[in-house]
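Quick notes on the structure that follows.
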Amino acid sequence: MSVTYRGVHWNRQKRTYDVAMVGGVALGMAAFGGVSVAANPNITTETIILRATSFSALLLLHVVLCIGPLARLDRRFLPLLYNRRHLGVFTFLLALVHAVFATLQFHSFGDAFPLTSVFFAYGGDYAAFVNRISDIAHFPFEPFGVIALVILFLMAATSHDFWLRNLGASWWKALHIGVYVAYGAVLVHVAFGFLQADRGLLYPIMMVVGFVAIAILHLTSFVRERRTDLAIRAAEADGYIHVCGVSDLREGWGHAAMLRYDRVAVYLHEGLVYALSNVCRHQAGPIGEGKVIDGAVTCPWHGWNYRIEDGVSPPPFNEVLPTYRVRVEGDHVFVHPDAHRLEARSTGAPLSGGESEVASSGGLE
Amino acid sequence: MDALWSLVVALGALYVVLGVLFAIPFHIGGMARLDAGTRDASFLFRLLVSPGVIALWPVLLVKWRRRMRRPGLASPASPFRPRTLRGAHGLMIMLGAVVIPLLLGAALIFRPSFRVDEVRNATAETVDVQPESNP
Numbered sequence: 046m047s048v049t050y051r052g053v054h055w056n057r058q059k060r061t062y063d064v065a066m067v068g069g070v071a072l073g074m075a076a077f078g079g080v081s082v083a084a085n086p087n088i089t090t091e092t093i094i095l096r097a098t099s100f101s102a103l104l105l106l107h108v109v110l111c112i113g114p115l116a117r118l119d120r121r122f123l124p125l126l127y128n129r130r131h132l133g134v135f136t137f138l139l140a141l142v143h144a145v146f147a148t149l150q151f152h153s154f155g156d157a158f159p160l161t162s163v164f165f166a167y168g169g170d171y172a173a174f175v176n177r178i179s180d181i182a183h184f185p186f187e188p189f190g191v192i193a194l195v196i197l198f199l200m201a202a203t204s205h206d207f208w209l210r211n212l213g214a215s216w217w218k219a220l221h222i223g224v225y226v227a228y229g230a231v232l233v234h235v236a237f238g239f240l241q242a243d244r245g246l247l248y249p250i251m252m253v254v255g256f257v258a259i260a261i262l263h264l265t266s267f268v269r270e271r272r273t274d275l276a277i278r279a280a281e282a283d284g285y286i287h288v289c290g291v292s293d294l295r296e297g298w299g300h301a302a303m304l305r306y307d308r309v310a311v312y313l314h315e316g317l318v319y320a321l322s323n324v325c326r327h328q329a330g331p332i333g334e335g336k337v338i339d340g341a342v343t344c345p346w347h348g349w350n351y352r353i354e355d356g357v358s359p360p361p362f363n364e365v366l367p368t369y370r371v372r373v374e375g376d377h378v379f380v381h382p383d384a385h386r387l388e389a390r391s392t393g394a395p396l397s398g399g400e401s402e403v404a405s406s407g408g409l410e
Numbered sequence: 157m158d159a160l161w162s163l164v165v166a167l168g169a170l171y172v173v174l175g176v177l178f179a180i181p182f183h184i185g186g187m188a189r190l191d192a193g194t195r196d197a198s199f200l201f202r203l204l205v206s207p208g209v210i211a212l213w214p215v216l217l218v219k220w221r222r223r224m225r226r227p228g229l230a231s232p233a234s235p236f237r238p239r240t241l242r243g244a245h246g247l248m249i250m251l252g253a254v255v256i257p258l259l260l261g262a263a264l265i266f267r268p269s270f271r272v273d274e275v276r277n278a279t280a281e282t283v284d285v286q287p288e289s290n291p
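Chains as they are written, first to last, in my numbering: chain B, 46 to 410; chain G, 157 to 291.
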């Protein structure tokens, strides 16, 4: 972390990510241009640039929209999420080049001011389209491109951490959810614009496949998160607190987590999940950073041991750590903030799902 | 209709000009008052945030004024509500899953048999040439 802002926090991973992104788009655009010339030798350079940039921007927008749900569904996709903002900024830049070329090519030779012409040139009269709804030739598709471009610009312009801090997380996130509006506007722009001029089936099929992929990924991820929310709410209603995910636990190792105003050490041992106080009775060392040795959790500072089931130090020692009820549901681990009676022996919660039980009640309050 | 759009574009241009004028004093003094982390920030950082400063100048102006009135106090951050945002996110997804197939379907079903770009070019020429030929 730094106390002052930098332009871009470059590191090796980000450079690799960006080189792959720019290289991939450059290769894709070159291939697109080659195929376009082969298919139509009379095509102009302006038209190739216009189409290649729009094709690349739309493709990147699909990638951007797929990364979020993919990373939520499978952690192996998290590296793609790591630098997604650069992908978003690059998408905007490609869309901007497309918009500039489109304005120059289609709107700069008339009497009307080019930026004004964008809004009414093809529509002629919006009322004409409204009166004859099937007259798609007059559908004002270009303003939808402008709407998408403005949203992509706002997202790119506020992608720096400075904006996250100064707009606040809620406003920043709300602004960036606008990407869905941008995607919808882009689809309208393309479907009622280019797809009406192009009589082939390739582009409509690509758009439908792209939309179906995005929709399936988002709906699957949304349903899963919804289930998680419901599980968390149900557990909270029973007084439990969500402390971590099952995937955060490693066999034989501890995991420290917040439990209201205190910390709790969550351990996975032989397929069962246990929770103990995080504070060692010796010198308040972090129990959650230790590991299980011979069935006892071991403080990383001075090696003090506590049996994992009841928190009692093996004889001849007599220190005791409070233990807690644990519930595992789906990928989530919950701990009840009310500790067991001291020395109570817990069964641990099965990793596959379930709650811990008290095998013997213990003797100390 | 074109007069209306001319007005919209002119107002947009005015907004941008005001944003550029706002960005100058904001970079000189306002930004550091708003966020102490920008005090020693690089030129590249200032360049990167400038489009946002120009686009969101009314928001920054309000925040800057608040900070001037209460120097030393951090602006009260709006509470982060992940569940509300997840709800909005879900709403967007549901809405898109219904509306987008309808729009795509309409665009493909009503696709005319003639080349639309020729009609569009003819319309555009009519619109653009009209003021000159019919003063």
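C-beta: ideal position from N, C-alpha, C; glycine also.
Go ahead and pull the three-state DSSP assignment for B:T368.
Looking at B:T368 - three-state DSSP - the assignment turns out to be strand.
Got a sec? Which residues, its chain only, sit under 8 Å from B:F256 by beta carbon, not counting five neighbours each side?
The residues are L232.
What is the DSSP secondary structure of B:T49, counted as helix, strand or coil?
In the structure shown, B:T49 sits in coil (DSSP, three-state: anything other than H, G, I, E or B).
Under 8 Å between C-beta atoms, does B:Y50 make it to chain G?
Chain G, which has a Cβ nearer than 8 Å to the Cβ of B:Y50, makes this yes.
For B:S391, which beta-bridge partners are listed by DSSP?
B:S391 is bridged to B:V403.
Between the stretch 238-249 of chain B and chain G, which residues of the former have CB atoms less than 7 Å from a CB of the latter, in chain order?
Against chain G - using a Cβ distance shorter than 7 Å - the residues of the stretch 238-249 of chain B are L240, Q241, A242 and P249.
Can you name, in chain order, every residue of its own chain whose Cβ lies under 8 Å from the Cβ of B:I112, other than the five neighbours on each side?
Closer than 8 Å at Cβ, skipping near neighbours: F122, L125, L126, R129 and L132.
So for G:L217, helix, strand or coil by DSSP?
Note: G:L217 maps to helix in three-state DSSP.
Taking any Cβ of chain G, which residues in the stretch 212-223 of chain B have a Cβ under 8 Å from it, in chain order?
From the stretch 212-223 of chain B, only L212, G213, A214, S215, W216, K218, A219 and I222 have a Cβ closer than 8 Å to chain G.
So the candidates are B:I332, B:V268, B:A310 and B:T161; which of them puts its Cα closest to the Cα of G:G168?
Nearest option by C-alpha distance: B:T161.
Which of helix, strand or coil does DSSP assign to B:P361?
In this structure, B:P361 counts as coil in the three-state DSSP scheme.
Let me confirm a value: G:D150 is counted as buried when at least 16 other C-beta atoms fall within 10 Å, else exposed. Which label applies?
The question about residue 150 of chain G has no answer, for chain G in this structure spans 157 to 291.
Nearest to G:L216 by CA position, among B:D307, B:T203 and B:V235, is which residue?
Ranking the options by Cα distance to G:L216, first place goes to B:T203.
Would you say G:V176 reaches chain B, if we count a Cβ-Cβ gap shorter than 8 Å as a contact?
Judged by the 8 Å Cβ criterion, G:V176 is not in contact with chain B.
Take the Cβ of B:A384 as the centre, count every other Cβ of all protein chains shown within 10 Å, and call the residue buried at 16 or more, exposed below.
B:A384 comes out buried.
Against chain B, does G:P181 count as a neighbour if the rule is that its beta carbon must be under 8 Å from one of theirs?
Not closer than 8 Å to any Cβ of chain B, the Cβ of G:P181 fails to qualify, so no.
Inspect the beta-carbon positions of B:F186 and B:H234 and report whether they are closer than 8 Å.
Yes; because the gap between Cβ atoms is below 8 Å, this pair is in contact.
Run down chain B in chain order and give the residues with a C-beta less than 9 Å from the C-beta of G:V255.
Simply G229.
Counting only Cβ pairs nearer than 9 Å, list the residues of chain G close to B:Y312.
Residues of chain G passing the Cβ test: none, with the nearest at roughly 28 Å.
When the cut-off is 8 Å and only beta carbons count, does B:R210 lie next to chain G?
It does; some Cβ of chain G falls within 8 Å.
Taking only the alpha-carbon atoms, compute the straight-line gap between G:I256 and B:V253 and give it to the nearest angstrom.
Between G:I256 and B:V253, the C-alpha separation is close to 10 Å.
Kindly list the residues whose CB is nearer than 8 Å to the CB of B:V109, restricted to its own chain and excluding five residues on each side of it in sequence; keep chain order.
Contacts found: R129, L132, G133, T136 and V224.
Closest by CA to B:I338, which one among B:L396, B:W346, B:Y351 and B:T148?
For the residues B:L396, B:W346, B:Y351 and B:T148, the minimum Cα distance to B:I338 belongs to B:Y351.
Which of the three DSSP states, helix, strand or coil, is assigned to G:N290?
In this prediction, G:N290 scores a pLDDT of 29, lower than 50, which makes its location untrustworthy; the coordinate-derived value is nonetheless stated afterwards. G:N290 falls in the coil class under three-state DSSP.
Apart from the five residues just before and just after G:A204, which ones in its own chain have a Cβ nearer than 8 Å to its Cβ?
Reading off the sequence, residue 204 of chain G comes out as Leu, not Ala. Nothing meets the Cβ criterion.
With DSSP collapsed to three states, give me the class of B:T89.
B:T89: coil per DSSP, three-state reduction.
Using the C-alpha atoms, what's the distance from B:E364 back to B:V357?
Their backbone Cα atoms lie some 6 Å apart in a straight line.
Going along the chain, which residues of its own chain have a beta-carbon closer than 6 Å to the beta-carbon of B:H314, five neighbours each way excluded?
Excluding positions up to five away in sequence, the list reads V337 and I353.
Any idea what DSSP makes of B:G245, helix, strand or coil?
Note: B:G245 maps to coil in three-state DSSP.
What is the residue span of the alpha helix (DSSP H) that B:V224 lies within?
Counting along the chain, the alpha helix (DSSP H) containing B:V224 begins and ends at V224 to A236.
I need the boundaries of the beta strand (DSSP E) containing B:V203, first residue and last residue.
The displayed chain sequence assigns Thr, not Val, to residue 203 of chain B. From DSSP, B:T203 is part of no beta strand (DSSP E); its letter is neither H nor E.
Return the first residue and the last residue of the beta strand (DSSP E) that B:D307 is part of.
Note, B:D307: beta strand (DSSP E), D307 to H314.
Taking contact to mean 3 or more Cβ pairs, one atom from each stretch, closer than 8 Å, check whether the stretch 87-106 of chain B and the stretch 136-147 of chain B are in contact.
The stretch 87-106 of chain B, when compared against the stretch 136-147 of chain B, does touch it at the 8 Å Cβ threshold.
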